[in-house]
Amino acid sequence: MASEVFPFSRSGGLGDVLGVLPEVLAGQGAQTTPSMQVTVVSPWYGSLAGQPTELWRGVLPELTSGPAPIFEVRVGEIVRSGVQYLFIDLPEFDRPGLYFDDDVHRFCLFGRTVLSVLHQIGVVPDVVHGHDWQSGLVVAYAHLAGLKTVFSVHNLQYQGRWNMEEAARWTGLPQWTLGPDALEYHGDLNLMKAGLTFADAVTTVSPTYAQEITTPEYGEGLQGLLIRLTVEGRLSGILNGLDQERWDPRTDSDVPQFGDPAGKAAATALLRKEFGLDDAPILGVVSRLADQKGIDLLIEALPELTPHWNVVVLGGGDPLLTAALSGWAQHPRVAFVGGLNEPLAHRIYAGADIFAMPSRFEPCGLSQMISMRYGTLPVVRLTGGLVDTVPADIGFRFADATPQALSAACAEARAEYDRPDVWQARMERAMALDFSWQGPAAQYMALYRRLGR
Ligand code: GLC
Numbered sequence: 168m169a170s171e172v173f174p175f176s177r178s179g180g181l182g183d184v185l186g187v188l189p190e191v192l193a194g195q196g197a198q199t200t201p202s203m204q205v206t207v208v209s210p211w212y213g214s215l216a217g218q219p220t221e222l223w224r225g226v227l228p229e230l231t232s233g234p235a236p237i238f239e240v241r242v243g244e245i246v247r248s249g250v251q252y253l254f255i256d257l258p259e260f261d262r263p264g265l266y267f268d269d270d271v272h273r274f275c276l277f278g279r280t281v282l283s284v285l286h287q288i289g290v291v292p293d294v295v296h297g298h299d300w301q302s303g304l305v306v307a308y309a310h311l312a313g314l315k316t317v318f319s320v321h322n323l324q325y326q327g328r329w330n331m332e333e334a335a336r337w338t339g340l341p342q343w344t345l346g347p348d349a350l351e352y353h354g355d356l357n358l359m360k361a362g363l364t365f366a367d368a369v370t371t372v373s374p375t376y377a378q379e380i381t382t383p384e385y386g387e388g389l390q391g392l393l394i395r396l397t398v399e400g401r402l403s404g405i406l407n408g409l410d411q412e413r414w415d416p417r418t419d420s421d422v423p424q425f426g427d428p429a430g431k432a433a434a435t436a437l438l439r440k441e442f443g444l445d446d447a448p449i450l451g452v453v454s455r456l457a458d459q460k461g462i463d464l465l466i467e468a469l470p471e472l473t474p475h476w477n478v479v480v481l482g483g484g485d486p487l488l489t490a491a492l493s494g495w496a497q498h499p500r501v502a503f504v505g506g507l508n509e510p511l512a513h514r515i516y517a518g519a520d521i522f523a524m525p526s527r528f529e530p531c532g533l534s535q536m537i538s539m540r541y542g543t544l545p546v547v548r549l550t551g552g553l554v555d556t557v558p559a560d561i562g563f564r565f566a567d568a569t570p571q572a573l574s575a576a577c578a579e580a581r582a583e584y585d586r587p588d589v590w591q592a593r594m595e596r597a598m599a600l601d602f603s604w605q606g607p608a609a610q611y612m613a614l615y616r617r618l619g620r
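Just so we're aligned: 429 in our numbering is position 262 of the sequence shown, and the numbers increase by one with no gaps anywhere.
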C-alpha cells in the first residue's frame, strides 16, 4: 500500500518506486511461485491519471469496536504488467491533487478501509507491505488481524502527526494501542510510529540511511525506537533501484538526439539553446524545493557558482525558495522553471554536465542515479543513499551542509571538466553503472518469504 504510484499519481520518489518495484516483484514471483500475486492499493484521487474499472461498490461493515464512520466506497482496478492496482474511492480523496492539510484524517479513513476492501473482493494477503506514514494505520490493522507486515520508510521527516485528543477516534483502534508504547508521540497520534511499532520488519531505502536514522541528527525524534528495532534485527536498508527502461538515454523520446554517439553533446547544446545559455558548462537541478534538499544552500552558493557555471533548476514546493529562484532567473546564467515537468526533467538530466544534490538528508535519492545514466556527474552531499550510490571516482562529494562546501565540490568538478579525457572517463564509468531493480526486489522477496513462513 502506498499513497502514490507512478504513472497514476506521483509527487516524488515514493511514486517512482511504486511505479516499478511491484512489476519487478511480479516478474520474479512468476518465475518461482506462479500463484503469487502482487496487489498495489492506493487512493483513487480525483486527479488520478488513469481509468480504473469498477470492481466493487458498497458500504463496508465495521472493522472494530468504537464509534465508526460508515464507509461508502468504490474500488477500481487497473491491471498492468502482471500487477493488480486497486484504487479505493472515498469522498475525502475526490479533489485535484494528492496532499492536503487534513491528510492525517484522510489516511486514517483510508487505512481503515484497506483490509475490508481486500476481503470484499477476495484478495487474501500473505504479507502486507506499507510505504511511509500514510500506510502506518494499515500496518497496525494488518498486524492486529494476525497478518505478516513490512513497513518501508522513504522519508522519516513526514510522520503523519495530529493531536491525539481529536485523532484517537479517527483510528478506530483499541485504546491500548494509543499510548506512548505504540501510536502516541508527545501528545500526538503518529502514524509513522504505527508502522514502525507494528511491522514485523522495517526497511528503509538505503543501508546508510538505515544507520543514520538511529542517531539524533537524522532520527527525527524516533531514534530511540529505531535503535530498538536495530537491536532486535527488525530494521534494514534495501537500496532502491532505478526504472532503467523509463530512464534509458538510448531510447528516451524526450531526448531523441541522445541515441547518437555524439548524443550527450547534442543534448547539452539543445538545453543551452532552450534557455539561452552561454558556453560555460551546465549545472542542473531537478528537485522538490524543500529544506531536505538543501536548495537554500544552492541559492546561497549562486554568487560563487555563476562565474563558472550555467545553472538550470526545475522544481516546485516551498514558496520562499520558489521566489528566490525566480529572482535569480533574471541572471543570464540562471534558468528556473517551477513545478513538475517530466519532459523538461529528462532534458536537464541529459543535457547538464553536473547535477547538484546538496541534500541535508537523503533516504535514497533517485536523481543522482538518473543523472549518471545520462553521463551527468553528480555533486552530492555525503548522506544517506547518496553515499551508497555515488562512487568517489565518478561524482564530486562533500560532507558539510554549507554553501561553501557545495561550491568547493563544484570548483573541483570545474577543474576536472577542463581536462576532457579525465572527464570523459568519469562519464563513461557513470553511464556503465547498473541500478537494476532485480537485486533489491530479490531482497524484498526474501524478506516476504522469511516472514511468510
Ligand atoms: C523519498 C526520499 C528519497 C527517496 C524516495 C524513494 O522521496 O526523500 O530520498 O529516494 O523517497 O524511496
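Where is the CB? At the ideal position from N, CA and C, for every residue including glycine.
| Asked | Found |
| --- | --- |
| Kindly list the residues whose CB is nearer than 6 angstroms to the CB of T435, restricted to its own chain and excluding five residues on each side of it in sequence; keep chain order. | G518 |
| Helix or strand or just coil, what does DSSP make of E509? | helix |
| Please indicate yes or no: does the CB of V372 lie closer than 7 angstroms to some heavy atom of the ligand GLC? | yes |
| If you measure from the CB of L533, is any heavy atom of the ligand GLC nearer than 7 angstroms? | yes |
| Please determine whether the Cβ atom of P530 lies at a distance below 7 angstroms from any heavy atom of the ligand GLC. | yes |
| Spatial neighbours of S232 within its chain, please: C-beta separation below 6 angstroms, excluding the five flanking residues on both sides. | Residue confidence is low: S232 scores 43 on pLDDT, short of 50, so the model does not pin down where it sits. Its coordinate-derived value is still stated next. Taken in chain order, the list of residues that qualify is empty. |
| Here's the rule: buried if 16 or more other CB atoms are within 10 angstroms of the residue's CB, otherwise exposed. What is N322? | buried |
| Under 8 angstroms, do T370 and S302 count as touching if we go by C-beta distance? | no |
| My output table needs one value for T231: the three-state DSSP class, helix, strand or coil. | Low per-residue confidence applies at T231: pLDDT is 45, beneath 50, and the placement is therefore not dependable, though the value from the model is reported in the following sentence. Three-state result, T231: coil. |
| Among G494, L456, V452 and D458, which residue has its Cα nearest to the Cα of V478? | V452 |
| Taking the runs of the beta strand (DSSP E) that are 3 residues or longer, which of them lie wholly in the region 323–363? | 328–330 and 355–357 |
| Hey, how far is the Cα of A309 from the Cα of Q287? | 15 angstroms |
| Since V250 is in the beta strand (DSSP E), which residue starts that stretch and which ends it? | V250 to D256 |
| Out of M359, A216 and V187, point me to the one whose CA is closest to S176's CA. | A216 |
| Please report the distance separating the alpha-carbon of Y352 from that of A197. | 41 angstroms |
| Could you tell me the distance, in whole angstroms, from the CA atom of M580 to the CA atom of T473? | Rather than Met, the amino acid found at residue 580 in this sequence is Ala. Near 14 angstroms, if we compare the C-alpha coordinates of T473 and A580. |
| Whole angstroms is fine: what's the gap from G182's alpha carbon to D560's? | 30 angstroms |
| So the beta strand (DSSP E) K460 belongs to, where does it begin and stop? | No beta strand (DSSP E) contains K460, which DSSP labels as neither H nor E. |
| Smallest Cα separation from W211: which of V294, G289 and I255? | I255 |
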